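Let me begin by presenting the structure, written as structure tokens, before commenting on it.
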């Protein structure tokens, strides 16, 4: 098993094991492709460790049948690794019993459920896919999100994806990856294709 070596060992009073196992917040942002794909790869690793995984898609249409959703649901039901719960905002969120009038209201409702799941320690890994957008658009307060993530109990890891993640979130996160687009087939007029984009 490869072992990364930290460039700095902080004087924080933690043992190496305690520091290694502390919960992390990841942000995948930037103009390039691969933000959600990387987050779902992390979800596969979590499933393999037997962790319960919660995926919350904040922007993508419920009509989109992304390959990662089907694969992770099948794996979650296999009984071999962790469980996987998948929630899509476009479906009105599975726990919402009423019609939600707008996307902003739906995003807020989704965030309220994420907060409940954080408090209950429902998942070991939460994937908040495209969550940077409701923050960027001002639908959900970034300071509130940072506070909830800072104060979350247990050892829950959280990964947030989406372009234009707010600076306060980037400052707070433990790991930030900025996906930089160098070249993309869509630049030459090619539309997204099966097996690549979904």
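In the working numbering, the protein residues as written are 22 to 219. We treat Cβ as the ideally placed atom computed from N, Cα and C, and that holds for glycine. All figures in this text were calculated on a predicted structure; none of them were measured in a lab.
Using the three-state DSSP reduction, which class does residue 143 fall into: helix, strand or coil? coil
Distance CB(residue 157)-CB(residue 185) smaller than 9 Å: yes
Quick check: the segment 158–172 against the segment 29–37, are there 3 or more CB pairs under 8 Å? no
Would a C-beta distance cut-off of 9 Å place residue 178 and residue 146 closer than the cut-off? yes
Tell me whether residue 77 sits in a helix, a strand or coil according to DSSP, three-state version. strand
Pull the bridge partners of residue 49 from the DSSP assignment, please. 182 and 198
Once DSSP output is grouped into helix, strand and coil, what is the label at residue 167? helix
Taking the straight line between their C-alpha atoms, what separation do you get for residue 139 and residue 209? 43 Å
Just verifying my parser: in three-state terms, what is the DSSP assignment at residue 208? helix
Do residue 66 and residue 176 have their beta-carbon atoms positioned less than 9 Å apart in this structure? no
With DSSP as the reference, please indicate the residues paired to residue 149 in a beta bridge. According to DSSP, which records beta bridges pairwise, residue 149 is partnered with 77 and 181.
What does the Cβ neighbour count give for residue 203, buried or exposed, with the cut at 16 atoms within 10 Å? exposed
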